[in-house]
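Worksheet for the structure shown next.
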Amino acid sequence: MDVTRVRELTAAAERVVVLTGAGVSAESGVPTFRSGGGALTWRGMEATRLSSAELLASNLPLVWEWFEYRRGVLASCAPNAAHEALAAWQDRFPSFTLVTQNVDGLHSKAGSRDVLELHGNIGRGRCTRCGAREALEMPLATIPPPCSACGADLRPDVVLFGERLPFGVFEAAREAAERADLIFVVGTSAVVYPAAELPEIARRNGAHVVEINPEPSGIGGAHAVVVAGKAGETLPLI
Ligand code: BV8
Ligand code: ZN
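This is the structure:
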C-alpha cells in the first residue's frame with residue numbers, strides 16, 4: 079500500500095527533493111553512524127568526537143588516521159541499487175535536487191549530477207592555509223598530506239561537528255526544499271542539524287514528505303508517508 083501511495087505522489091510531482099543519509103550507503107557496506115542504537119566507534123572513540131572541530135584543532139594527525147581508516151573501508155564499496163535508482167530519477171521530473179549528508183561520493187559514482195554534498199566529500203582535502211581543495215591519493219603517503227599549492231597541511235574537506243556547512247550548498251538545499259512539492263527522506267536518523275531542518279522546511283511550504291527507513295525517524299511528522307524498508311529494495315520498487 080505505501081509503495082502504491084508513493085507512486086501516486088511521484089506521478090504528480092513536479093519539483094522533487096531527495097535528502098539522503100548514511101542508510102542509503104548501508105547496502106554498499108558503508109558503516110552507518112547510529113544504526114541499531116549503536117554509535118560508530120573507532121579506537122574507543124565515537125564518530126561525533128573523532129569528526130569534531132575540537133579534535134581537528136588539537137590532533138590533526140589522529141583525525142587523518144580516522145578518515146584514512148574510513149577511506150580504506152570505502153575503497154571496496156560500490157554504489158548500490160538505491161544510488162542507481164536515484165541517479166535514474168534525476169531525469170524523471172521537471173525539477174530534481176539530490177541533497178546528501180554523506181561524504182562517501184557514492185551518489186556521484188552512480189551517475190547523479192550536481193549532488194549537494196552538505197557535509198563535504200571524504201575523497202578531497204582542503205588546505206589549512208590557502209584553502210585550495212584537491213583530490214586525495216589512496217592511501218596517503220604522509221599524514222597530514224601537504225597542500226600541492228603551498229605545502230601547508232591539508233585537512234579533510236568534510237564538515238566536522240561544530241563547523242559551518244559550506245556556504246551556498248545549504249542555501250541551495252534550503253531553496254530547493256522551499257520550492258519542493260515532494261521530498262523523500264532516505265536513510266537518515268535525522269538527528270544532525272541543520273540538514274534535518276530540510277524536511278520540515280519542505281513540509282511547511284506544502285510538500286508531501288516520504289520517509290524511507292527500516293527504522294523510521296518520524297522526521298516527516300504525522301502527515302508523512304512512511305515506508306519501513308531498505309533503500310536498496312524500496313527505491314527501485316517505487
Ligand atoms: C553546526 C561529516 C554550527 C563528518 C557529519 C550539541 C553539541 C555539539 C553540537 C551540537 C549539539 N546539538 C546540536 C549540535 C549541532 C551539530 C549536531 O547536529 N549534532 C548532533 C549529533 C546532535 N551539528 C553540527 O555541528 C553542524 N554544524 O551546527 O555548526 C555553527 C554555527 C556557526 C559557527 C560555527 C558552527 C555540522 C554537522 C555536520 C557533521 N558532519 N559528517 C564525517 O562523516 O565523519 S554528520 C554525520 O552524521 C554524517 O554526515 C551522517 O550522514 C550524519 C547524519 O547521520 P545519518 O546520515 O542520519 O546516519 P545515521 O547512522 O545517524 O542513521 C542511519 C539511518 O539509516 C538510520 O535511521 C537507519 O535506520 C537507516 N538505515 C540503515 N540501513 C538502511 C537505512 N535506511 C535505508 N536503507 C537501509 N538499508
Ligand atoms: Zn595551500
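If you read the sequence shown in the working numbering, its first letter stands for residue 79, the second for the next number, and so on. Virtual Cβ for every residue (Gly too), placed ideally from N, Cα, C.
Item	Value
Cβ-Cβ distance between N180 and T119 below 9 Å	no
G116 versus P109 - alpha carbon distance	11 Å
E132 beta carbon less than 9 Å from that of D259	no
Length at least 4, wholly inside the stretch 201-264: the alpha helix (DSSP H) runs in chain order	247-257
Backbone secondary structure at A288 - three-state DSSP	The amino acid at residue 288 is misidentified as Ala; the sequence shows Val. It is a strand residue.
Span separating the alpha-carbon of H301 from that of H286	8 Å
C-beta atoms of T312 and V305 nearer than 9 Å	yes
Closest Cα partner of P224 within the set N283, R202 and F245	R202
Cβ neighbours of G122 in the same chain (closer than 7 Å, five flanking residues each side left out)	none
Sub-9 Å separation of G310 and N158 beta-carbons	yes
CA-to-CA distance, A163 to R242, given in whole angstroms	30 Å
Within 9 Å, strictly: CB atoms of L194 and T178	yes
6 Å CB neighbourhood of A74 in its chain, flanking five on each side removed	This structure gives no information on residue 74, because the portion of the chain shown stretches from 79 to 316.
Exposed unless 16 or more other CB atoms sit within 10 angstroms - verdict on R85	exposed
Residue nearest to K187 in terms of C-alpha spacing, selected from N283, S267 and A153	A153
Close beta carbons around V288, own chain, < 6 Å, minus the five adjacent residues each side	V84, F262 and V303
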